[in-house]
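Q:
Chains as they are written, first to last, in the numbering used here: chain E, 8 to 240; chain C, 14 to 295.
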């Protein structure tokens, strides 16, 4: 029978919160997007083609990278097994393990908005896009963490992910292959950037939301499947 | 009495290598069962299958009367406690924080943490970060975590392998108390003294097969009748049969004030294991 207990989710969240306060690697990683946003803010990139970069960078680094490191560390130190062998269900563990990264990513995004002078076009729609972005990047981070054996390995596996999901848009102009450009346009970071630009100019963003929702659903399903497979030796 | 664990024709293979070959056994409610064997004999594989961490290749495994795969259900998981050789702890967190997490996951009152720490002799270490503990102390924390919620069925994989004799004795006392309170215990060990001290029945596992499965007393006496060694004041050791003639001889030594010590010469479980398998346990 499917069970869900907020108490168990909260227990995992509180454990991660206490652990984070003593985890230098994760704290430094969380600060990186803020430095990047401050730099972009200083060079006045708040309204140019790089406008969305601080937010997508925050999602990739704070959302995916930190989440991957936290999940991989649980695997590396054999603590994930303890959670798996406890009464906590798949959903409780996945949500509990994503909650802190989610909250920290939101904090980093809010900080980045101020530091980079990013103009939020429409708060309700922007919030929806950020929630979808969070789900996508946290799920990607969890996947990366589950597929890595060590925290170090997440850096190696994470590099192409960071490049594709965080920076591919920057190189679009240099690519002549139409198929590749179209594929890049469908990446979540590009959909978010296009959506925010569209909101600014009053265009419809329903299509972007649909693509992001599809990414979110696919990422969550894939994460749950991989997690369940990794439960057994 | 009700069987808590039932295993029929269990086979587990990893590629071409057979880890368990047609294993049959059952564990009754309230028993403490020991699986003894050297490294690679299949002990940990057995525990992993019994706790649904590993799927059997063939055979039937039932825990609490139900197929073992149902253990993945959180409500059923609450009934078991597990200490495995690779149970990890959160290094940066304190001992108490590690146990609080699991108290909350199991829905156990946090007051039970103190009792669990008492059982593993770690009172006073609540605020110590786990990374500052010795290997033996970490093992005691993982044991505290496994017993925190007073499970119906407790799986212990080499529970005292890294502990000194004093702490081992203390923990054995705690495990016996837990067993008296109703917890069924399934443990693996290669420590014969531990098996003799804790277990109602012991299985000798060798190359993935159960070679013997009986009470420690029956196992010790099955290999012939024990004898008695008597050490006399003149440093001579006399071996005596445990019969009327032997009793009269001992009485004579005592009357003449010649007797220093008397020892029974039962084979230990370790001796028996070597006899059965040709291998040592370590």
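Quick reminder that beta carbons are idealized off the backbone N, C-alpha and C, glycines included. Remember, predicted model here, so these are calculated numbers, not experimental data.
(1) Could you name the residues that DSSP lists as bridge partners for residue 47/C?
(2) Does the distance from the CB of residue 92/E to the CB of residue 95/C come in under 7 Å?
(3) Whose Cβ in chain C lies nearer than 9 Å to the Cβ of residue 10/E?
(4) Got a sec: which bits of the region 145-162 of chain E sit with their beta carbon under 7 Å from any beta carbon on chain C, in order along the chain?
(5) May I have the straight-line CA-CA distance separating residue 135/C from residue 192/E, to the nearest angstrom?
(6) Quick check: the Cα distance between residue 112/E and residue 65/E, rounded to an integer number of angstroms?
(7) Using a Cβ-Cβ cutoff of 9 Å, what residues of the region 101-126 of chain C are near chain E? List them in chain order.
(8) Could you give the distance in angstroms between the alpha-carbon of residue 201/E and the alpha-carbon of residue 166/C?
(9) Comparing alpha-carbon positions, which option in 204/C, 158/C, 195/C, 191/C lies nearest residue 178/C?
(10) With 9 Å as the limit, tell me which residues of the region 112-124 of chain E have their beta carbon closer than that to any beta carbon of chain C; keep them in chain order.
(11) With DSSP run on the structure shown, which of helix, strand or coil describes residue 49/E?
(12) Is it a yes or a no for the region 68-83 of chain C touching the region 241-257 of chain C, going by three-plus beta-carbon pairs under 8 Å?
(13) Going by DSSP, which residues form a beta bridge with residue 24/C?
(14) Please confirm whether residue 29/C has its beta-carbon closer than 7 Å to some beta-carbon of chain E.
(15) To the nearest angstrom, report how far apart residue 266/C and residue 257/C are at their CA atoms.
(16) Residue 277/C by DSSP, collapsed to three states: which one?
(17) In whole angstroms, what is the alpha-carbon distance linking residue 219/C and residue 290/C?
(18) Can you check whether the C-beta of residue 180/C is within less than 7 Å of a C-beta belonging to chain E?
(19) Just to confirm, are residue 203/E and residue 59/E a CB contact at a threshold of 7 Å?
(20) Per the contact definition of three or more C-beta pairs closer than 8 Å, is the region 117-125 of chain E in contact with the region 74-86 of chain E?
(21) Counting Cβ pairs closer than 8 Å, one from the region 167-174 of chain E and one from the region 81-95 of chain E, do we hit at least three?
(22) Relative to the C-alpha of residue 210/E, which residue among 148/E, 128/E, 225/E, 176/E is closest?
(23) Can you find the residues in the same chain that come closer than 7 Å, C-beta to C-beta, to residue 51/E, ignoring five residues on each side of it along the sequence?
(24) Using Cβ-Cβ distances below 7 Å, what residues of the region 173-203 of chain E are close to chain C?
(25) Could you spell out where the alpha helix (DSSP H) holding residue 123/E opens and where it closes?
(26) What residue ranges within the region 89-120 of chain C form continuous beta strand (DSSP E) runs of no fewer than 3 residues, ordered along the chain?
(27) Taking residue 91/C as the query, report the chain E residues whose CB atoms sit under 8 Å from its CB, ordered along the chain.
(28) Going along the chain, which residues of the region 13-35 of chain E sit with their C-beta nearer than 8 Å to a C-beta in chain C?
(29) Using a Cβ-Cβ cut-off of 7 Å, state whether residue 215/E counts as contacting chain C.
(30) For the region 77-89 of chain E, which residues have a beta carbon sitting closer than 7 Å to at least one beta carbon of chain C?
(31) Please state whether DSSP places residue 252/C in a helix, a strand or coil.
(32) Is residue 159/E buried or exposed, if buried means 16 or more other CB atoms sit within 10 Å of its CB?
A: For this structure:
(1) 200/C, 215/C
(2) yes
(3) 86, 87, 88
(4) none
(5) 58 Å
(6) 7 Å
(7) 101, 102, 103, 104, 105, 106, 107, 110, 111, 113, 114, 115, 116, 117, 118, 119, 120
(8) 56 Å
(9) 204/C
(10) none
(11) helix
(12) no
(13) 71/C
(14) no
(15) 14 Å
(16) strand
(17) 7 Å
(18) no
(19) yes
(20) no
(21) no
(22) 128/E
(23) none
(24) none
(25) Premise fails: residue 123/E is in no alpha helix (DSSP H) and is neither H nor E.
(26) 93-96
(27) 94
(28) 14, 15, 17, 18, 19, 21, 22, 25, 26, 29, 30
(29) no
(30) 84, 85, 86, 88, 89
(31) strand
(32) exposed
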